[in-house]
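Participant: Top line first, the protein sequences correspond to chains A and B.
With the working numbering, letter number 343 in the first sequence gets 346, and the count goes up by one each step, no holes.
With the working numbering, letter number 149 in the second sequence gets 906, and the count goes up by one each step, no holes.
Backbone N, C-alpha and C define an ideal beta-carbon position, used for all residues, glycine too.
One structure coming up, written as structure tokens, with questions to follow.
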Amino acid sequence: MTQWNQDNIKTAIDCPMTRRRFMKWLTAAGAAAMLPCGFLRSGQAMAAGTVYEGGYDTFRNACPRNCYDTCGMVTHVKDGVAKFVEGAPESTFTNGGLCVKGHSYIRRLYSPDRIKYPMVQQGRGTGNWKRISWDEALTRISEKFIEINEKDGSMLGLALTKYSGNFGITNYGVEGMFSSLGYTTRMVGTPCWPAGIDAQNYDMGNMWCNDPEDMVNARYIILWGVNPAWCSVHTMKYIYEAKRRGAKILCIDPVLTQTAAKADEYWQVRTSEDGALALGMARHILDKGLVDQDWVNQNAVGFAEFADYLNSEVTLEWAAEKSGVPAERIARVAEEFAGNNPATIWIGYGMQRHVNGGASVRAIDALVAMTGNVGKVGGGARYGHLMTWGFNYHAMVQQPPKGVKGYLGPAAKGEFDFTKDQEGPSYSNRTLNINKTARELLNASDPPVRALWVSCKNPLSQDFDRNQLIKAFNKMEMVVVVDQFFNQTVEQADIVLPVTTLFEEWTVNVGYWHYWISLNEQSVKPLYESKSNLEIAAALSKKMNQLKPGSCTFPTEIDTREWLEKEFNSGVYGLFGLNSWQDLKKGMHKAGKHLTAWADGKFGTPSGKYEFKSDLCAEHGFNALPKYVDSRKPYDKLRVLTPHTQFGLHSQFVNLDWMEDFNPKPYVYIHPDTAKARGIADGDTVVVKNKTGSVTIEASLTDNVPTDAILMYEAWFRNNDYNCQNLVDDTSADMGAYKAGAPGVAIHDQFADVTKA
Amino acid sequence: MYPTQQTRLAALRDFFLSRSGDDLEQACRQLNKLEKSDAAPADAMDWETAEFAFNRLFVGPMAPEAPPYASCYLEEEPRLMGESTLEIRRIYEMAGLSSPLQGRLPDDHLGLELDAALGLTSAAATPDMEAPRALWAYFLNTHLKVWVPLFLEKARNADTSHPALDLVLDALEDWLAGQDPIPTDEKTG
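Here it is, written out as structure tokens:
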């Protein structure tokens with residue numbers, strides 16, 4: 004008989020063949036069946052066939068975060084464990100690459116910090132949590148919902164706040180779940196990009212940008228308030244290639260970003276004065292006779308009025324004074340831009356998060372249009388698009404139970420709400436402005452908001468005026484949070500439900516920048532007791548119907564893979580050249596059309612032309628022409644900028660250990676001159692304070708930021724109570740209500756002062 | 758193994774696999790009967806605060822202060838489902854065992870490992886079973902005795918403490934210390 008010592012055991016563990024021999028011997032001896040284990044099963048191992056050798060199983064996944072790049076990934080799985088991820092090789096956009104965040108995904112999946120079970124907190128914010136079963140969690144929630152319905156005669160006391168934490172299409176089942184409960188209260192709008200969306204709709208009739216891969220054809224590229232070196236790393240290669248082919252790259256940003264550092268020229272524009280700068284360039288182009296008159300005559304309306312406005316109210320000197328960019332530079336670049344066709348401008352989302360953000364985007368659109376760069380390969384006023392989002396929204400479109408009552412009045416719709424307006428019932432959901440969540444939750448009455456469901460969102464890190472938001476949460480009778488990690492919102496929950504990561508659910512993803520589609524397969528079993536949002540919806544419906552038959556229309560038994568299939572239609576198949584969604588198992592597909600925005604010159608505006616003068620815009624209370632609009636009057640000494648960090652996406656990723664290696668704690672970045680005037684040295688602890696609240700934080704001195712501004716990256720750290728929303732009020736941006744359901748928010752129009760702690 | 762030792766090991770296992778306050782109270786009461794330690798008697802304990810403390814240390818939803826997974830202590834970077842987790846899965850396989858929660862709960866969760874220990878110590882005590890004996894020795898010496906002390910240290914140094922946890926951590930340490938490290942290079946056969 005074989006002798007067994009430590010070395011033999013080690014060999015057996017490492018070598019499947021030896022292990023099999025060992026197991027055979029053990030099984031023959033009848034030992035396994037006799038083991039007094041209470042939990043582990045005996046006699047299963049051989050039959051289970053879990054002996055793996057050699058290669059990996061690969062699965063398709065897609066990063067579902069709110070990001071330009073929406074990368075397709077290949078997940079390598081062995082022994083049922085996801086080992087590593089790579090970028091999808093067939094996507095020419097990502098070219099097999101991922102970003103620093105994408106490569107950290109395995110750390111998210113297997114982080115010991117994940118929320119593992121449904122749990123209930125005894126007293127919000129106490130940290131006193133009890134584990135409960137799904138059945139108990141759903142019973143408590145359903146009983147509350149039924150109580151609300153009985154008290155108010157409707158479900159309007161139940162509110163949903165959800166945004167971009169997971170853009171997988173089936174996650175719109177959360178909205179579907181709410182619809183299936185009746186008419187509820189919805190936080191509608193977006194803090195992200197609505198002012199720019201409306202601006203592009205007024206000018207062109209839709210938000211639609213060229214395929215970023217065509218940027219290689221541009222002969223002149225202006226990166227305006229956008230930082231792709233951090234926020235869209237895959238687009239950088241097209242910018243570099245354009246540069247290699249001779250294009251000039253200009254970056255305009257109040258902050259000297261990594262993108263600015265890689266550009267040929269950088270302008271540190273005075274924050275929120277982008278409109279003045281664009282109009283100054285437009286005036287100079289007009290003066291120099293560089294307008295593409297043929298294009299304008301053929302494709303646009305209102306140019307004469309725009310030219311009149313420029314001639315009467317805009318000068319180079321005025322633009323220089325407003326923007327802080329010297330007049331000769333504005334003039335030179337205006338000539339270069341008009342003289343190098345095709346030329347393109349990438350309009351970032353940061354530059355429209357202002358009280359004049361929509362107006363600024365319109366001014367930039369006009370600059371691109373007047374030079375004849377709209378509708379051309381390599382040209383365009385690039386902002387974003389939703390041309391590839393034509394799914395069925397099967398999970399989202401659910402009917403309310405028969406006979407239920409709702410809100411009598413018009414409801415707003417978000418930019419990702421692709422549902423058609425329903426004929427018939429006059430009731431609707433009650434819509435509240437997501438960008439004023441704190442105020443809206445506090446003020447809603449008749450009935451008040453009694454219960455809040457949070458999904459795909461971390462409002463206490465991301466929503467504005469945090470102090471007010473805490474008060475709003477305190478007013479809630481029940482807060483349910485669905486999440487993967489214990490963040491500042493979960494801290495204020497009564498019940499937390501564990502939700503799956505991308506590796507543990509079926510869905511499909513498209514982007515708002517590139518034109519690719521990616522399948523997201525369930526690559527590994529859902530860990531612990533996590534469920535996908537769809538499964539949560541089905542389980543809630545089952546419980547609701549048990550407790551009150553007919554109270555929820557959401558199907559109670561669902562196969563999430565089938566529900567993924569239900570999102571596809573012939574339009575999606577046609578656009579991406581698919582015979583079946585299963586084709587995507589072999590790799591990503593790219594849309595076969597829409598790649599050059601407005602190439603046929605048929606615009607979506609009322610006139611069917613590019614509208615330098617938009618009556619619709621005027622009807623909505625703004626200027627018909629893309630006129631300059633003043634920036635917000637400072638209410639404190641320094642501007643506060645809270646842009647995206649390199650190591651996170653909004654409140655996600657920063658908590659992962661791999662990110663902490665590079666980005667262990669937050670800082671406020673201060674210009675050395677600004678710091679010196681306040682006696683602040685690098686590394687000092689400082690207090691940043693304004694009318695909304697304060698943040699105590701370490702100072703880092705850098706001349707990358709302007710002297711009149713300080714900068715803190717938005718983030719949620721797991722070991723630090725840092726929260727930049729203590730300083731951001733909920734003042735609206737100008738535009739956004741038209742297409743996104745509520746105006747945007749002036750995130751970068753905030754002010755404060757900083758003192759040594 | 759003596760029956761009391763088995764009961765003790767089963768109670769430790771049940772404690773770490775507790776799903777509710779009732780589960781952990783029951784496991785603690787069982788241990789309380791068996792232990793000679795100077796820990797507070799079970800009747801004097803507040804089981805609700807014990808449950809809160811248990812979740813802060815081992816479950817969540819906050820990041821657990823002392824995650825009860827071997828790989829968090831054995832891998833170069835703390836993570837779950839690491840190579841060391843799979844090694845434990847293979848050890849279970851060699852004993853003819855597998856976790857019904859495979860792929861959902863990491864195989865190296867302390868509760869599962871204590872369950873495996875219950876099986877292996879039992880098999881190892883059977884005459885003429887040198888393979889299980891060697892396997893148990895390997896599991897004990899190269900695995901349990903390596904990470905459980907690190908886990909105990911982390912749990913004891915955590916911000917959260919509770920008399921019920923003290924009782925269990927003492928019992929776990931005591932049990933581990935009492936395991937006979939069978940010489941692994943002993944040639945038998």
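#1: Locate the alpha helix (DSSP H) running through TRP321 (chain A), then write down its first and last residues.
#2: Among A:GLU150, A:PHE62, A:LYS545 and A:GLY747, which residue has its Cα nearest to the Cα of LYS81 (chain A)?
#3: Kindly indicate the opening and closing residues of the beta strand (DSSP E) around GLY75 (chain A).
#4: Do we get a CB-CB distance below 8 Å when we pair CYS745 (chain B) with the residues of chain A?
#5: Along the beta strand (DSSP E) that carries LEU163 (chain A), what are the first and last residues, could you check?
#6: According to DSSP, simplified to helix, strand and coil, what is PRO403 (chain A)?
#7: Which ranges does the alpha helix (DSSP H) cover as unbroken runs of at least 4 residues, wholly within the segment 511-556 of chain A, from first to last along the chain?
#8: Between which two residues does the alpha helix (DSSP H) carrying SER315 (chain A) extend?
#9: Beta-carbon within less than 7 Å of LEU933 (chain B)'s beta-carbon, same chain only, minus the 5 sequence neighbours each way: which residues are those?
#10: Under a three-way DSSP split, which group does SER431 (chain A) fall into?
#11: Rounding to the nearest angstrom, what Cα-Cα distance links ASN344 (chain A) and ASN213 (chain A) in this structure?
#12: Can you list, in chain order, the residues of the segment 890-914 of chain B whose Cβ is nearer than 9 Å to any Cβ on chain A?
#13: Straight-line CA distance for CYS829 (chain B) to ARG385 (chain A)?
#14: Tell me the DSSP bridge mates of THR699 (chain A)?
#15: Please check the pair LEU755 (chain A) and VAL643 (chain A), which I expect to be a contact at CB under 8 Å, by giving their CB distance rounded to whole angstroms.
#16: Would the C-beta of TRP519 (chain A) count as close to the ligand HEM, meaning under 7 Å from any of its heavy atoms?
#17: Checking contacts by CB at 8 Å: is GLY817 (chain B) closer than that to chain A?
#18: Counting pairs of Cβ atoms below 8 Å between the segment 803-820 of chain B and the segment 922-932 of chain B, do you hit three or more?
#19: Any beta carbon from chain A within less than 8 Å of GLY935 (chain B)'s own beta carbon?
#20: If you follow the alpha helix (DSSP H) that ASP733 (chain A) is part of, which residue opens it and which one closes it?
#21: Taking the alpha-carbon positions, what's the SER45 (chain A) to THR187 (chain A) distance?
#22: Can you round the beta-carbon distance between THR758 (chain A) and VAL690 (chain A) to whole angstroms, since I take them to be within the 8 Å contact cut?
#23: Would you say the segment 706-726 of chain A touches the segment 658-676 of chain A, given that touching needs at least three Cβ pairs under 8 Å?
#24: In whole angstroms, what is the alpha-carbon distance linking GLN495 (chain A) and ARG721 (chain A)?
#25: Taking its Cβ as the centre, do 16 or more other Cβ atoms sit within 10 Å of LEU926 (chain B), making it buried, or is it exposed?
#26: Between the segment 762-775 of chain B and the segment 784-791 of chain B, can you find at least three pairs of beta-carbon atoms closer than 8 Å?
#27: Quick check: is the beta carbon of PHE809 (chain B) nearer than 8 Å to any beta carbon in chain A?
#28: Quick one, which residues of the segment 432-464 of chain A are near chain B if we go by CB-CB under 8 Å, in chain order?
#29: Identify the continuous alpha helix (DSSP H) that holds THR347 (chain A) and give its terminal residues.
#30: Using alpha carbons as the reference points, say which of A:CYS555, A:GLY412, A:THR129 and A:ARG365 lies closest to ASP206 (chain A).
#31: Could you check what DSSP says for VAL483 (chain A) in three-state terms: helix, strand or coil?
#32: Within a Cβ cutoff of 7 Å, which residues of the same chain sit near ALA341 (chain A), ignoring the five residues on either side of it in sequence?
#33: I'd like to know if ALA928 (chain B) contacts chain A, where contact means its C-beta is closer than 8 Å to some C-beta of that chain.
#34: Quick check on this structure: which residue in A:PRO121, A:VAL328, A:ARG681 and A:ASP664 has the alpha carbon closest to the alpha carbon of ASP277 (chain A)?
#35: So is MET802 (chain B) in contact with chain A if we call contact Cβ pairs under 8 Å?
#36: Here's a check: name, in chain order, each residue in its chain whose Cβ is nearer than 7 Å to the Cβ of TYR55 (chain A), leaving out the five neighbours to either side.
Facilitator: From the atom records:
#1: 319-326
#2: Looking at the Cα atoms, A:PHE62 is the closest of the given residues.
#3: 75-81
#4: As shown, chain B starts at 758 and ends at 946. That puts residue 745 (chain B) outside it, with no answer to give.
#5: 161-165
#6: coil
#7: 536-550
#8: 306-316
#9: LEU901, LYS902 and VAL905
#10: strand
#11: When only Cα atoms are considered, ASN344 (chain A) and ASN213 (chain A) end up about 15 Å apart.
#12: ARG890, ALA891, LEU892, ALA894, TYR895, PHE896, ASN898 and THR899
#13: Cα to Cα, CYS829 (chain B) sits roughly 46 Å from ARG385 (chain A).
#14: A:VAL690
#15: Looking at the sequence shown, residue 755 (chain A) is not Leu but Ala. With 8 Å as the limit, ALA755 (chain A) and VAL643 (chain A) qualify as a contact, their Cβ atoms being about 5 Å apart.
#16: Of ligands this structure carries none, so the ligand HEM is not represented either.
#17: yes
#18: yes
#19: no
#20: Note, ASP733 (chain A): premise wrong, no alpha helix (DSSP H); not H, not E.
#21: 50 Å
#22: 6 Å
#23: yes
#24: 15 Å
#25: buried
#26: yes
#27: yes
#28: none
#29: Here THR347 (chain A) belongs to no alpha helix (DSSP H); instead the beta strand (DSSP E) covers 346-350.
#30: A:ARG365
#31: In the structure shown, the three-state DSSP call for VAL483 (chain A) is strand.
#32: ILE288, LEU293 and THR374
#33: So, not an interface residue.
#34: A:VAL328
#35: no
#36: Only weak support exists for where TYR55 (chain A) lies, its pLDDT of 41 falling under 50; the value from the coordinates is given anyway. LYS81 and ASP82, listed in sequence order.
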